[in-house]
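Residue numbers (our numbering), protein chains in the order written: chain H, 10 to 317; chain Z, 979 to 1162. C-beta atoms are modelled at their ideal positions from N, C-alpha and C, and glycine is treated no differently. None of the values given here were measured: they were computed from a predicted structure.
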Amino acid sequence: MAPPSAQISGSNKKAQLGRFAGYVFATAGAVIGALLLIISLWRPDAFYGLRSMATDAASPVGEAGAATRTGSRSFFEAIAGYYDAGNKNAELERENEIARVRLAEMRALEQENARLKAVLDLREGDVEPVATGRLIGSSSASTRRFGYLSSGRDDGIEVGMPVTSPMGLVGRILEAGGSTSRVLLLTDPESIVPVRRAIDDVVAFAEGRADGSLRIRLINLGINPLEEGDIFVTSGTGGLFRPGVAVAMVTEITNDGAIGRLLSNPAATDFVVIEPAFVPEAIEAADAPLQTEQPAGEDAPAEGAAAD
Amino acid sequence: MEQLNPSARRDQFGSKINRDFSPVLAYGIPWLMILLASLSPLLPIIAPLPILPPLGFLCLLAWRVLRPGLLPMWAGLPLGFFDDLFSGQPLGSGILLFSLTMIALDLIELRFPWRGFWQDWGIAAVFVSLYLILAALFSGSGLPLVQYPLILPQLALAILLFPVVAQLVSLLDRVRLTRVRKIG
Chain H
10 MAPPSAQISG SNKKAQLGRF AGYVFATAGA VIGALLLIIS LWRPDAFYGL
60 RSMATDAASP VGEAGAATRT GSRSFFEAIA GYYDAGNKNA ELERENEIAR
110 VRLAEMRALE QENARLKAVL DLREGDVEPV ATGRLIGSSS ASTRRFGYLS
160 SGRDDGIEVG MPVTSPMGLV GRILEAGGST SRVLLLTDPE SIVPVRRAID
210 DVVAFAEGRA DGSLRIRLIN LGINPLEEGD IFVTSGTGGL FRPGVAVAMV
260 TEITNDGAIG RLLSNPAATD FVVIEPAFVP EAIEAADAPL QTEQPAGEDA
310 PAEGAAAD
Chain Z
979 MEQLNPSARR DQFGSKINRD FSPVLAYGIP WLMILLASLS PLLPIIAPLP
1029 ILPPLGFLCL LAWRVLRPGL LPMWAGLPLG FFDDLFSGQP LGSGILLFSL
1079 TMIALDLIEL RFPWRGFWQD WGIAAVFVSL YLILAALFSG SGLPLVQYPL
1129 ILPQLALAIL LFPVVAQLVS LLDRVRLTRV RKIG
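Below, the structure written as structure tokens:
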């Protein structure tokens, strides 16, 4: 079928002008888009406020969806429970998995304690969480890996706070709106977390790869001591994440480290816990590996310090 | 007096007498559908890798391809802006790509005025591929080139989903012109 004749303006002056104006406006739109894109690539924090406001306004949609997700899953689980014991099996398996991660974390903590005995001033205790929330969505169509969290500044959340689940680290707060906030998930290509092997002191960086896995890069190059199944926990370096939180398990050895599977898959979490930054000064010092993504506001003068 | 055929006063859009379509519905439905589709990142899907097709863009494509002239040329600016607010892309990426799509589709239509299902699908496939590659390029994530194949599953899903979206668009297109406004 041929399109309607709106395309053909013929000798109609008005139609010709209309078409011309259409092109002008569309080109103007493209130019505005290009300019905004350059600005937001240059200063990624330039439009955080705008996006937070939009997410705040639309969050009821996400909240309802997240509630439905939890509700419908338990509904189907209930039905499945009548038919087979596979459901229970899955649950036990999950518990087992948590226990295994916990065990690794405990070992890490033990080792941490032994190390900290030397440093008398540093006290290690339970961290009081700032808030709990639901992940209500994620940037599932973009190569960036952001999550949307159902709590924000009103719950005491600030930029830079780590987000954890019972299984381990999920990410950190990138921007905080009133009632929602945006989480930089660990698998985002911009996310870098200092980690160490749970059983000893092999230190590395865990970088996101955007495909659900992490790239573990050893800091000390040489003979690669990693083996499949090694668990990596946060090392506490940099001060954002407290030490000893599980991050990844090695699945594949590479030349300069390994590819790791994320232990705390954000898709499998119902609720996440937002913890205060390990060393709050770290945020002000902008010592985070990800300084390009930090809002410039209060830490702008410190950026120079972090660069050297 | 001769009895009129009862079906002469009605068609698929409702009664022809005393009723007219509502401009709000007729022009609002495409916009509303695209805006709602742009909200898809708030769906409770926490994806470990980009897997969901860019629904907002697919809807824009489908409306533009199936009903040319309904969306004005400048529609890429507001729709892209809204998409950017939620998609996780840096602001401006959607505006630029949506606007360029509107211009390019107009030029293609000028060149190939005759269309059909396969041609529409082909055009959509080309545009979605370009969109996803450019969006990954503009995302600011510094993704290395070797990692670009990770958008392939998403691309396949998006291309396969286009006929479904087009079907939905043609369904809504019929709703769009229902005569709901009462005259007089």
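| Which of the three DSSP states, helix, strand or coil, is assigned to serine 20/H? | Coil.
| query | What is the DSSP secondary structure of threonine 1156/Z, counted as helix, strand or coil? | reply | In the displayed model, threonine 1156/Z falls within coil according to three-state DSSP, outside both helix and strand.
| said: Contact defined as beta carbons within less than 8 Å: I believe proline 1028/Z pairs with isoleucine 1129/Z. What is the distance between those atoms, to the nearest angstrom? | reply: Rounded, the Cβ-Cβ distance is 6 Å, consistent with contact.
| Can you find a CB in chain H that lies within less than 7 Å of the CB of tryptophan 1052/Z? | Taking Cβ atoms only, chain H reaches closer than 7 Å to tryptophan 1052/Z, which makes this a yes.
| query | Should aspartate 220/H be flagged as near chain Z, meaning a C-beta pair shorter than 7 Å? | reply | Answer yes: the Cβ-Cβ gap between aspartate 220/H and chain Z drops below 7 Å somewhere.
| query | Can you list, in chain order, the residues of its chain whose CB lies under 8 Å from that of glycine 165/H, leaving out five sequence neighbours each side? | reply | Apart from the 5 residues on each side of it in sequence, glycine 165/H sits with its Cβ closer than 8 Å to the Cβ of Val139, Ala140 in its chain, given in chain order.
| message | Once the 5 residues before and after arginine 153/H are set aside, which same chain residues still bring their CB inside 7 Å of it? | response | Correct list, in chain order: Asp197.
| message | My output table needs one value for glycine 38/H: the three-state DSSP class, helix, strand or coil. | response | Under the three-state reduction of DSSP output, glycine 38/H falls in the helix class.
| field | Where the beta strand (DSSP E) containing valine 1043/Z begins and where it ends | value | For valine 1043/Z, no beta strand (DSSP E) segment is defined; the enclosing uninterrupted segment is the alpha helix (DSSP H) at 1033-1044.
| Are the beta-carbon atoms of methionine 1080/Z and alanine 63/H separated by less than 7 Å? | For methionine 1080/Z and alanine 63/H, no; Cβs fall outside 7 Å.
| task | Check whether the Cβ of methionine 1011/Z lies closer than 7 Å to any Cβ atom in chain H. | result | Residue contact with chain H for methionine 1011/Z: absent (no Cβ-Cβ distance below 7 Å to any residue of chain H).
| query | Going along chain Z, which residues have a C-beta under 8 Å from aspartate 210/H? | reply | Against chain Z, the beta carbon of aspartate 210/H has no neighbour under 8 Å; the closest one sits roughly 29 Å away.
| request: Specify the secondary structure class of methionine 258/H as computed by DSSP and reduced to three states. | output: Reduced to three states, the DSSP call for methionine 258/H is strand.
| query | What number of angstroms, rounded off, separates the C-alpha of leucine 193/H from the C-alpha of leucine 1088/Z? | reply | Their backbone Cα atoms lie some 44 Å apart in a straight line.
| said: Contact defined as beta carbons within less than 8 Å: I believe isoleucine 232/H pairs with phenylalanine 214/H. What is the distance between those atoms, to the nearest angstrom? | reply: That pair is no contact at about 18 Å.
| Proximal residues, the segment 133-163 of chain H versus chain Z, C-beta separation under 9 Å | Close to chain Z, meaning a Cβ-Cβ distance shorter than 9 Å, are the following residues of the segment 133-163 of chain H: Arg143, Leu144, Ile145, Gly146, Ser147, Ser148, Ser149, Ala150, Ser151, Thr152, Arg153, Arg154, Phe155, Gly156, Tyr157.
| field | Cα-Cα separation, tryptophan 1009/Z to leucine 1123/Z | value | Cα-Cα distance, rounded: 35 Å.
| query | By DSSP, does alanine 986/Z sit in helix, in strand, or in coil? | reply | Here alanine 986/Z sits in helix by DSSP.
| said: Just checking: is the beta-carbon of phenylalanine 250/H within a distance shorter than 7 Å of some beta-carbon in chain Z? | reply: Judged by the 7 Å Cβ criterion, phenylalanine 250/H is not in contact with chain Z.
| field | Same chain, Cβ closer than 8 Å to serine 993/Z, five either side skipped, listed in chain order | value | Excluding its 5 nearest sequence neighbours in each direction, serine 993/Z has C-beta neighbours in its own chain below 8 Å: Arg987, Arg1157, listed in chain order.
| request: Find the nearest neighbour of leucine 1138/Z within the set Leu1112/Z, Ala1103/Z, Arg1154/Z, judged by alpha-carbon distance. | output: When only C-alpha atoms are compared, the closest one is Ala1103/Z.
| message | Assuming serine 1000/Z and phenylalanine 1060/Z are in contact, meaning their beta carbons sit under 8 Å apart, how far apart are those beta carbons, in whole angstroms? | response | About 23 Å; that fails the 8 Å criterion.
| Taking only beta-carbon atoms, is isoleucine 1024/Z less than 7 Å away from chain H? | Cβ-Cβ to chain H under 7 Å: yes for isoleucine 1024/Z.
| Whose Cβ in chain Z lies nearer than 8 Å to the Cβ of glycine 31/H? | Correct list: Pro1050, Met1051, Trp1052, Asp1084.
| query | In its own chain, which residues sit with a C-beta less than 6 Å from the C-beta of proline 171/H, not counting the 5 before and 5 after it? | reply | For proline 171/H, where only same-chain residues beyond five positions count, the Cβ hits under 6 Å are Arg181, Phe250, Glu284.
| said: Among the candidates Leu1074/Z, Ala1025/Z, Arg1042/Z, whose CA atom is the shortest distance from the CA of tryptophan 1099/Z? | reply: Ranking Leu1074/Z, Ala1025/Z, Arg1042/Z by Cα distance to tryptophan 1099/Z puts Arg1042/Z first.
| task | Might you give, ordered along the chain, the residues of its own chain that have their beta carbon closer than 7 Å to the beta carbon of arginine 1154/Z, omitting 5 neighbours on each side? | result | Excluding the 5 residues flanking it on each side, arginine 1154/Z has same chain C-beta neighbours closer than 7 Å at Leu1003, Ala1004, Ile1007, in chain order.
| request: Give me whichever residues DSSP pairs with arginine 270/H in a beta bridge. | output: Beta-bridge pairing links arginine 270/H to Ser222/H, Met258/H.
| request: Look at the Cβ atom of glycine 156/H, then the Cβ atom of proline 234/H, and state whether they are nearer than 7 Å. | output: No, the pair does not count as a contact, with Cβ atoms beyond the cut-off.
| query | Helix, strand or coil: how does DSSP classify glycine 177/H here? | reply | Three-state result, glycine 177/H: strand.
| request: Step through the CB atoms of chain H and report whether any lies within less than 7 Å of the CB of alanine 1114/Z. | output: In terms of beta-carbon proximity, alanine 1114/Z lines the interface with chain H, with at least one pair separated by less than 7 Å.
| Is the Cβ of arginine 60/H closer than 7 Å to any Cβ of chain Z? | Yes, arginine 60/H lies at the interface with chain Z (some Cβ there is under 7 Å from its Cβ).
| query | For serine 1000/Z, does the three-state DSSP call read helix, strand or coil? | reply | Serine 1000/Z falls in the coil class under three-state DSSP.
| task | With a threshold of 16 other CB atoms inside 10 Å of the CB of alanine 67/H, please say whether the residue is buried or exposed. | result | Its Cβ being crowded by 16 or more others within 10 Å, alanine 67/H is buried.
| request: Report the neighbours of aspartate 197/H on chain Z: residues whose CB is nearer than 8 Å to its CB, in chain order. | output: In chain order: Ser1119.
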